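*Asks:* Residue numbering for the sequence shown follows our numbering, starting at 125 and increasing by one per position.
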Amino acid sequence: MKIKHIKIVFLSLVLIGLHSCSKDEAFEGDDPVAVDQLDVSKQSLEDQALFEYARLMSVAIQKHANMNNLLQEEAIRLQRRGYYEQEFFVGMQGKSEMKGFAGKSLNQILANIDEAKSNVNIKEFLNVNPGMSVLLAGDRRTEEFSNRVYVDNGFDDSNPNEVVHYYENGVMYSELLTVERYKKSFVVRISEVYTGITTGSLDKSDKNNSVLFTYDDGRSVVVNAGSIETVNSKLLANEDPSLDGVEGDDIIYPGGGGNTGGGGSPGGGSGNPPSSGCDEDCERDCEDGTENLWRFRTSNDYDGFLAGKGEWFFVIIWADGANYTIEDGAVVTSGSALSYLRTGQITKVTDDDTWFYPNFSSIIWDPHVSATNPKPDGNRMKVACFESDGGRTKNFETKLSFKVFETIDVELPINFTINNGDDFIGEYIVEYCHDIGSGGFIYHPASAVDVQHNER
Numbered sequence: 125m126k127i128k129h130i131k132i133v134f135l136s137l138v139l140i141g142l143h144s145c146s147k148d149e150a151f152e153g154d155d156p157v158a159v160d161q162l163d164v165s166k167q168s169l170e171d172q173a174l175f176e177y178a179r180l181m182s183v184a185i186q187k188h189a190n191m192n193n194l195l196q197e198e199a200i201r202l203q204r205r206g207y208y209e210q211e212f213f214v215g216m217q218g219k220s221e222m223k224g225f226a227g228k229s230l231n232q233i234l235a236n237i238d239e240a241k242s243n244v245n246i247k248e249f250l251n252v253n254p255g256m257s258v259l260l261a262g263d264r265r266t267e268e269f270s271n272r273v274y275v276d277n278g279f280d281d282s283n284p285n286e287v288v289h290y291y292e293n294g295v296m297y298s299e300l301l302t303v304e305r306y307k308k309s310f311v312v313r314i315s316e317v318y319t320g321i322t323t324g325s326l327d328k329s330d331k332n333n334s335v336l337f338t339y340d341d342g343r344s345v346v347v348n349a350g351s352i353e354t355v356n357s358k359l360l361a362n363e364d365p366s367l368d369g370v371e372g373d374d375i376i377y378p379g380g381g382g383n384t385g386g387g388g389s390p391g392g393g394s395g396n397p398p399s400s401g402c403d404e405d406c407e408r409d410c411e412d413g414t415e416n417l418w419r420f421r422t423s424n425d426y427d428g429f430l431a432g433k434g435e436w437f438f439v440i441i442w443a444d445g446a447n448y449t450i451e452d453g454a455v456v457t458s459g460s461a462l463s464y465l466r467t468g469q470i471t472k473v474t475d476d477d478t479w480f481y482p483n484f485s486s487i488i489w490d491p492h493v494s495a496t497n498p499k500p501d502g503n504r505m506k507v508a509c510f511e512s513d514g515g516r517t518k519n520f521e522t523k524l525s526f527k528v529f530e531t532i533d534v535e536l537p538i539n540f541t542i543n544n545g546d547d548f549i550g551e552y553i554v555e556y557c558h559d560i561g562s563g564g565f566i567y568h569p570a571s572a573v574d575v576q577h578n579e580r
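#1: Using a Cβ-Cβ cut-off of 6 Å (strictly less than) and excluding sequence neighbours within five positions of L367, which residues of its own chain qualify?
#2: At 3 residues or longer, what runs of the beta strand (DSSP E) sit wholly inside the stretch 465-526?
#3: How should Y297 be labelled, buried or exposed, when 16 other C-beta atoms within 10 angstroms of its C-beta is the threshold for buried?
#4: Tell me, which residues are paired with S344 by DSSP?
#5: Taking the alpha-carbon positions, what's the R305 to F438 distance?
#6: How many Å lie between T457 and Y448 at the Cα?
#7: Measure the alpha-carbon distance for E268 versus G342 and round it to whole angstroms.
#8: Taking the alpha helix (DSSP H) that F249 belongs to, which residues open and close that run?
#9: Can you check whether the CB of E170 is closer than 8 Å to the CB of V252?
#10: Under the assumption that G218 contacts N231 (Cβ atoms under 8 Å), give the Cβ distance between them as a whole number of angstroms.
#11: In this structure, what does DSSP give as the bridge partners for F225?
#12: Out of Q167, K223, R264 and N271, point me to the one whose CA is closest to I200's CA.
#13: Use the C-beta contact count for D281: other C-beta atoms within 10 angstroms, 16 or more gives buried, fewer gives exposed.
#14: Using three-state DSSP, classify Y426 as helix, strand or coil.
#15: Count the other CB atoms within 10 Å of the CB of I233; is the residue buried (16 or more) or exposed (fewer)?
#16: How is the beta strand (DSSP E) around N578 delimited, first residue to last?
#17: According to DSSP, is L259 helix, strand or coil?
#18: May I have the straight-line CA-CA distance separating P537 from N193, to the nearest angstrom?
#19: When you compare each of V534, D452 and E511 to R504 by their alpha carbons, which one comes out closest?
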């Protein structure tokens, strides 16, 4: 369907059924919820789809007493099979039967739930939002639901004054993000690990992405590979009925390793101590491994109640592939002065100071000029740390200052792409001569975060 036709469909939905936000105040107990105006019709088509699906869910929850529990079952179904989060993808709800609804799927139920409408075409939502998902916010062991369905339209979860929107029984309300929430609820969003769609198979060299499911029209939804934690798990097939009785959070997943992150054993990835008799000034000159972002821990996961589990990634920046000369007393560079590598997402990050083990090896770091190394790597490396929230893309700029040829001071900027919802946690400088032996070296990109490097 052409874009202009899609827009007509959504405008019709807005005119007929969407709440116009004339009711901007709600009460929980005696406390008023924050007031905010929002005209859904002025949002992007992608966000309009999120709002309308959330509205339909809220109506279904009001009409069917067991709907919250059924939605919760869908939200943990993938997790029981190895997916990292308690969420389900809207595109996977078109065929599977919802218990107690005479063979109807969730999307079929929602398409006809609102008596003021006639057979809402949810396929149109998925045309503009193929990665649309529903997150179960809160601990699923908590007994009570709030009956609210929130919308994540890219709100800034690092802003204490941010206003979020939710529906109850088809009516929109707003409140500050900082409101304490204790009951379970659902959040309609674009999944934080959704990376795009493909109409063919992924390149075998692409280790950072995996196909999660495929639509009837041939579009396949691609997610970050780190979000699938059980190797060779059959995420879509319900072949083992016993899985439905497994408490997903009690499943023990294999440890981390490689570049996609995850848990791991405390002994994983430790470097070798300097060889005996080494008299170099820098321990790295006594090592023959690669620079390794070994592990990290945090007392703040930088992801709020409505955002699910924390997903982190790191960007490692160093000098590489450039020529430096002095002309009229100034340093002149040619070539791509800085290079960088980005880790995959490290998922399920918790704020209890548990160690997570990316074991991400970057480069064999050599800042020394020689006949075999005419373009040295510089004596400093910068690492920037982010919490991933998905969304559209934006540029991020940082700078790295270092010495080349062991005497020339250089400061250069570098730009790389992140998502506009990603939270910058902090950055740190790795000096070549920091101790890097068997114990590694600990850095602090933020007061709540420790990151440890070694060589391996």
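Yeah, the Cβ is synthetic: ideal placement off N, Cα and C, and Gly gets one too.
From a predicted model like this one, the values you see are computed outputs, not experimental measurements.
*Replies:* Quick answer:
#1: Within the sequence shown, numbered from 1, the residue matching residue 367 stands at position 243. Bear in mind that a pLDDT of 38 at L367, under 50, signals an unreliable position, so the number given afterwards is only what the model happens to contain. Closer than 6 Å at the Cβ level, and outside the excluded window around L367, lie R204.
#2: DSSP runs (the beta strand (DSSP E)) wholly in the stretch 465-526: 470-473 and 504-511.
#3: Along the sequence shown, read from residue 1 onward, the residue named residue 297 stands at position 173. That one is buried.
#4: Along the sequence shown, read from residue 1 onward, the residue named residue 344 stands at position 220. For S344, which the question treats as bridged, DSSP gives the partners T322 and T338.
#5: Along the sequence shown, read from residue 1 onward, the residue named residue 305 stands at position 181. Along the sequence shown, read from residue 1 onward, the residue named residue 438 stands at position 314. Their backbone Cα atoms lie some 30 Å apart in a straight line.
#6: By one-based count along the sequence shown, residue 457 stands at place 333. By one-based count along the sequence shown, residue 448 stands at place 324. So the alpha carbons of these two residues sit roughly 5 Å apart.
#7: Sequence index remark: in the sequence shown, residue 268 carries index 144 (1-based). Sequence index remark: in the sequence shown, residue 342 carries index 218 (1-based). Cα to Cα, the separation comes out at about 39 Å.
#8: To locate residue 249, count along the sequence shown from 1; it is residue 125. Its alpha helix (DSSP H) spans residues I246 to V252.
#9: One-based indexing of the sequence shown puts residue 252 at position 128. One-based indexing of the sequence shown puts residue 170 at position 46. In this structure, E170 lies closer than 8 Å to V252 by Cβ.
#10: Start at 1 with the first residue of the sequence shown, and residue 218 comes out as number 94. Start at 1 with the first residue of the sequence shown, and residue 231 comes out as number 107. Contact flag correct, Cβ pair sits at about 5 Å.
#11: Within the sequence shown, residue 225 is the residue found at index 101, counting from 1. Bridge partners of F225: none, in fact.
#12: Here residue 200 refers to the residue found at position 76 of the sequence shown. For I200, the nearest C-alpha among the options comes from R264.
#13: Position 157 of the sequence shown, counting from 1, holds the residue named residue 281. The residue in question, D281, is buried, as its Cβ has 16 or more Cβ neighbours within 10 Å.
#14: Taking the first residue of the sequence shown as 1, we reach residue 426 at position 302. In this structure, Y426 counts as coil in the three-state DSSP scheme.
#15: Position 109 of the sequence shown, counted from the first residue, corresponds to residue 233. The residue is buried, with at least 16 neighbouring Cβ atoms inside 10 Å.
#16: Against the sequence shown, residue 578 aligns to sequence position 454. Taken as a continuous stretch (DSSP letters only), the beta strand (DSSP E) holding N578 covers V573 to E579.
#17: Taking the sequence shown and counting its residues from 1, one reaches residue 259 at position 135. Annotated three-state conformation of L259 is strand, per DSSP.
#18: Along the sequence shown, one-based indexing puts residue 537 at 413. Along the sequence shown, one-based indexing puts residue 193 at 69. Rounded to whole angstroms, P537 to N193 spans 51 Å at the Cα level.
#19: Position 380 of the sequence shown, counted from the start, is the residue given in the question as residue 504. Per the Cα distances, V534.
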